[in-house]
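Novice: Residue numbers (mature numbering (1 follows the signal peptide of the UniProt record, and there is no 0)): -20 to -1, 1 to 691. Don't be surprised by glycine CBs; every beta carbon is placed ideally from N, CA and C. One structure coming up, written as structure tokens, with questions to follow.
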């Protein structure tokens, strides 16, 4: 036989008989539930393995939610479906329905697609006839609420365990770390009911024992021990463990930290030993950041910092950067307002910071900077600034601080506003250096278990179950006078608060309010000391800073609108084209902004939001020398938003409606020959002028770009 033929026969023998390739299982197009009444379907959906594919990209989230296109392919796994039937029955049993059963039905829904329907038979629940808590009355009080258990309610083992842990946490909070809670459930004969008793045994009072520290260099043993909130022999308290952890994470050099309590193990010993570990992050940090938002209008920052300097966990940072770059590089794309002149020039700053720990809960913060900052539509802050603040952390997430913030700069870019408000229309009146030096007292309340870090929600820990409310509150009172080194005498009070209710794993509602009052200063107070509203963190239908009294600036005095003359009051009553002017904010003395928002998480990093913002700004201004200048403005602004978690951070886009009516506003321009400003009088300003129907609606929509969750 020919050698080639022999080789072929050998290969066939090794390969064996040919087998047909098994076809791939069909794709899961939808997962549905039938007969589910006692539980939210979302609880079941999130607990099983059988599901349709997730959206392939955060950018396709709206398309995935509407049409299903763009989702990843998930093939049917019959073994997983059978396990999910058991899982569903187990979930019902934990919720008080021991007879519940689930049967999966797989039906074709298209070419190579199936729909999996779990048909659930819930059965009758077991109910609680009586519930009582016995023992520990002298420690926990005469009446201990066994929430979420109640007479007549469903006997759910999950709720029983939650009640047991809740009482156990109350015991631990009083120092009874060795307390026990035993559950006794006695079935009522002939009825689907139980009599429930929670027997509390408080146990002895526990105390803190020895503390072991494990810290990686350059952190030293004394760096950690100086931040312990407890000492050996003190009554054990979980709050002290939390306070220690807060102190450790307040050190910028600490990347991860743990405070682990454990019983000594000796019989009869009531001491709780503690292990404290701390791992440092990078000591030297080099960062280059790019920012995109409606307010900064494309920016870049470079920073170098040392987080453990000269033998202590102090932080020294040097930084430089710029913003407002989008106006010159991108023609204003993505910026909150259209600008001309100096307002289009790039911002810059050079800054040095020192964060010096003065004990476990006190910090000294020093800052010096040279900068140019454009506040869109309002003012340009240019000069030298400094800030010294002493900040202390108190119990319960409360921080208090005292700060002194002197600055020296010019006020020339605010000339159009001063011309319309105070009648000072020559640049000589404003072309000088000025000094502001307010002294500020501030307080921030943000408990650790009630705040979100990035997009992450707080979780359950030793102090309690995962919270459903997130909240924070900040207030400040600042004043300036000759005694503080300021040329102007004024005082401001600000209050900013936010609250969020987590309705479910995917839905939440939130509210935010910002209130402010300014006293003193008069109409000649520099623009940067006034109150401003609007923008992505305020009333989102209003561009940044443009809530309240406004002045219109005509950029080119050589091109006057029809019916105008280049003279004081020369445009009185003229209907102005909004594309021909730039809007400047006057600022105000009283501000109120309220935001109400409903949020739906389509996935871990994609959120849709609907909101209504309400704002009011009042300015206690004198009568304008010429032209109308409204003192109070109120606006209601509904809108929609979408946020996507991207590799470089969370980016949010909001579209809101500006409902403000036509206003009579002062029009100011600069005489190019003399350099002086001229108040041309009050003109009719309508943002929708020249548009009708959809085009008029489009002109009322304001887009805001920001990073992270607004509040």
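If you draw a straight line from the alpha carbon of residue 354 to that of residue 325, how long is it in whole angstroms?
Specialist: Approximately 9 Å between the Cα atoms of the pair.
Novice: Residue 182 and residue 116 - do their beta-carbons sit closer together than 7 Å?
Specialist: For residue 116 and residue 182, yes; Cβs fall inside 7 Å.
Novice: Could you compute how far the alpha carbon of residue 362 sits from the alpha carbon of residue 191?
Specialist: Near 52 Å, if we compare the C-alpha coordinates of residue 191 and residue 362.
Novice: Can you find at least 3 beta carbon pairs, one from the stretch 514 to 528 and one from the stretch 373 to 389, that sit closer than 8 Å?
Specialist: No, they do not touch.
Novice: Where do the ends of the beta strand (DSSP E) carrying residue 679 lie?
Specialist: Counting along the chain, residue 679 falls outside any beta strand (DSSP E), though it belongs to the alpha helix (DSSP H) covering 674 to 680.
Novice: Given a cut-off of 7 Å, decide if residue 56 and residue 5 are closer than it, judged by their beta-carbon atoms.
Specialist: Yes; because the gap between Cβ atoms is below 7 Å, this pair is in contact.
Novice: Determine the contact status of residue 397 and residue 564, defining contact as a CB-CB distance below 7 Å.
Specialist: In contact: residue 397 and residue 564 (Cβ atoms closer than 7 Å).
Novice: Cα separation between residue 174 and residue 89?
Specialist: Straight-line Cα distance between these residues: approximately 45 Å.
Novice: Between residue 33 and the rest of its own chain, which residues show a CB-CB distance below 7 Å, the 5 nearest in sequence each way excluded?
Specialist: Here the set comprises 51, 52, 53 and 54.
Novice: Classify residue 260 as buried or exposed, calling it buried when 16 or more other Cβ atoms lie within 10 Å of its own Cβ.
Specialist: Looking at its Cβ environment, which holds 16 or more other Cβ atoms inside 10 Å, residue 260 is buried.
Novice: Between the Cα of residue 601 and those of 609, 559 and 476, spot the shortest distance and give me the residue it belongs to.
Specialist: Of the listed residues, the one whose Cα sits closest to residue 601 is 609.
Novice: Keeping to the same chain, check which residues put their C-beta closer than 6 Å to that of residue 232; ignore five residues upstream and five downstream.
Specialist: So the list reads 287 and 295, once near-sequence residues are dropped.
Novice: Could you check if residue 267 is buried or exposed, using at least 16 other CB atoms within 10 Å of its CB as the buried criterion?
Specialist: So residue 267 ends up on the exposed side.
Novice: Which of the three DSSP states is assigned to residue 685 in this structure?
Specialist: In this structure, residue 685 counts as strand in the three-state DSSP scheme.
Novice: Is the beta carbon of residue 543 sitting closer than 7 Å to the one on residue 554?
Specialist: It is a contact, given that the beta carbons lie within the stated cut-off.
Novice: Could you pull the start and end residues of the alpha helix (DSSP H) that residue 22 belongs to?
Specialist: Per DSSP, residue 22 belongs to the alpha helix (DSSP H) from 21 to 25.
Novice: Using DSSP with H/G/I as helix, E/B as strand and the rest coil, what is residue 404?
Specialist: Note: residue 404 maps to coil in three-state DSSP.
Novice: With a floor of 4 residues, list each alpha helix (DSSP H) that falls wholly inside the stretch 582 to 619, ordered by position along the chain.
Specialist: With a minimum length of 4 residues, no continuous alpha helix (DSSP H) run stays inside the stretch 582 to 619.
Novice: DSSP has residue 337 in a bridge; who is on the other side?
Specialist: Partner(s): 343.
Novice: Considering only the alpha carbon of each residue, which of 651, 492, 187 and 429 lies closest to residue 395?
Specialist: With distances taken between Cα atoms, residue 395 lies closest to 651.
Novice: What residue range is occupied by the uninterrupted beta strand (DSSP E) comprising residue 280?
Specialist: Residue 280 -> beta strand (DSSP E) spans 279 to 286.
Novice: So residue 102 and residue 9 are supposed to be a Cβ contact under 8 Å. How far apart are they, rounded?
Specialist: Not a contact, Cβ separation roughly 26 Å.
Novice: With 16 as the cutoff for other CB atoms within 10 Å, does residue 496 come out buried or exposed?
Specialist: Buried.
Novice: Give me, in chain order, the residues of the same chain whose beta-carbon lies closer than 8 Å to that of residue 487; leave out the 5 immediate sequence neighbours on both sides.
Specialist: If we look at residue 487 and ignore the five residues flanking it on each side, its Cβ neighbours are 578, 579, 580 and 581.
Novice: Give the straight-line distance between the Cα atoms of residue 529 and residue 571, rounded to the nearest whole angstrom.
Specialist: Taking the straight line from one Cα to the other gives about 12 Å.
Novice: Can you tell which of 335, 279 and 278 has the C-alpha that lies nearest to the C-alpha of residue 293?
Specialist: For the residues 335, 279 and 278, the minimum Cα distance to residue 293 belongs to 335.
Novice: Going by CA-CA distance only, name the one from 658, 689 and 592 that's closest to residue 585.
Specialist: Residue 689 is the option with its Cα nearest to residue 585.
Novice: Taking residue 541 as the reference, give the member of 523, 663 and 68 with the closest Cα.
Specialist: Nearest of 523, 663 and 68 to residue 541, Cα basis: 663.
Novice: Could you give the DSSP three-state label for residue 157: helix, strand or coil?
Specialist: In this structure, residue 157 counts as coil in the three-state DSSP scheme.
Novice: Going by C-alpha to C-alpha distance, which of 106, 511 and 430 sits closest to residue 170?
Specialist: Minimum Cα distance to residue 170 is reached at 106.
Novice: Would the stretch 133 to 140 and the stretch 189 to 209 be scored as touching if the rule is three or more Cβ pairs under 8 Å?
Specialist: The stretch 133 to 140 vs the stretch 189 to 209: no contact.
Novice: So, at 8 Å on beta carbons, what are the nonlocal neighbours of residue 471 in its own chain, with the 5 sequence-adjacent residues on each side left out?
Specialist: 457, 458, 459, 460, 498, 499 and 500, listed in sequence order.
Novice: For residue 69, which residues in the same chain have their Cβ closer than 8 Å to its Cβ, ignoring the five residues on either side in sequence?
Specialist: Closer than 8 Å at the Cβ level, and outside the excluded window around residue 69, lie 80, 81 and 82.
Novice: If we call anything under 7 Å between Cβ atoms a contact, is residue 290 one with residue 507?
Specialist: The answer is no: Cβ separation not under 7 Å.
Novice: Is the stretch 463 to 478 in contact with the stretch 414 to 432, if contact means three or more CB pairs nearer than 8 Å?
Specialist: Yes, since at least three Cβ pairs between the stretch 463 to 478 and the stretch 414 to 432 fall closer than 8 Å, the two stretches touch.
Novice: Near residue 551, what residues of its chain come up, given a Cβ to Cβ distance below 6 Å and the 5 sequence neighbours on each side ignored?
Specialist: So the qualifying residues of the chain are 544, 647, 660, 661 and 663.
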